[in-house]
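Trainee: Shown below is the structure under consideration.
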Amino acid sequence: MLGTDELYKLLYRHMGPQNWWPADNDIEMMLGAILVQNTRWRNAEIALNQIKEHTHFNPNHILELPIETLQSLIHSSGFYKSKSLTIKTLLTWLARHHFNYQEINERYK
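By numbering that gives the first Met the number 0, the letter at position 18 of the sequence shown is numbered 17, and the numbering carries on one by one without gaps.
Take a look at the structure:
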């Protein structure tokens, strides 16, 4: 039976990158995936624009934000308290790996 990882790789080889997620970089994509949960894209996009305006999606700048400031920036997305903690946790984990996605991929295969 074909597992999800094999299926993904097969589809990717066949179809290539789809470029459907509206993001200019990996951090914006990941934050968008968090912020869109249980809300409309329009509300998540407002939050993303606020983060972009204040941090330019620099993950270290986002990590330096006080949690209250981050919550204020993402308020439009709803569930801003839990989403702010998720964002901080994700970026802290990525920072431990120096935001090196290749290293993360190799380590957690």
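Idealized CB from N, CA, C, for every residue including glycine.
Please read these numbers as outputs of a predicted model, since none were measured by experiment.
Go ahead and pull the three-state DSSP assignment for Lys-8.
Mentor: Along the sequence shown, one-based indexing puts residue 8 at 9. In the structure shown, Lys-8 sits in a helix (DSSP, three-state: H, G or I).
Trainee: Would you call the stretch 18-34 in contact with the stretch 83-95, where contact means no fewer than 3 C-beta pairs closer than 8 Å?
Mentor: At 8 Å Cβ cutoff, the stretches touch.
Trainee: Would you say Trp-40 reaches chain C, if we count a Cβ-Cβ gap shorter than 8 Å as a contact?
Mentor: Looking for chain C here will not work: only one protein chain is present.
Trainee: List the whole-angstrom C-beta distance separating Leu-72 from His-53, where the pair is believed to meet the contact cut-off of C-beta under 8 Å.
Mentor: Here residue 72 refers to the residue found at position 73 of the sequence shown. Here residue 53 refers to the residue found at position 54 of the sequence shown. Right, the Cβ-Cβ distance comes to about 6 Å (below 8 Å), so this counts as a contact.
Trainee: I need the straight-line Cα distance from Ser-83 to Ala-22, nearest angstrom please.
Mentor: Reading the sequence shown from its first residue, position 84 is the one you call residue 83. Reading the sequence shown from its first residue, position 23 is the one you call residue 22. In a straight line, the C-alpha of Ser-83 is about 19 Å away from that of Ala-22.
Trainee: Using a 10 Å radius around the Cβ and a threshold of 16 neighbouring Cβ atoms, would you call Ile-61 buried or exposed?
Mentor: Within the sequence shown, residue 61 is the residue found at index 62, counting from 1. Counting Cβ neighbours within 10 Å, Ile-61 comes out buried, since at least 16 surround it.
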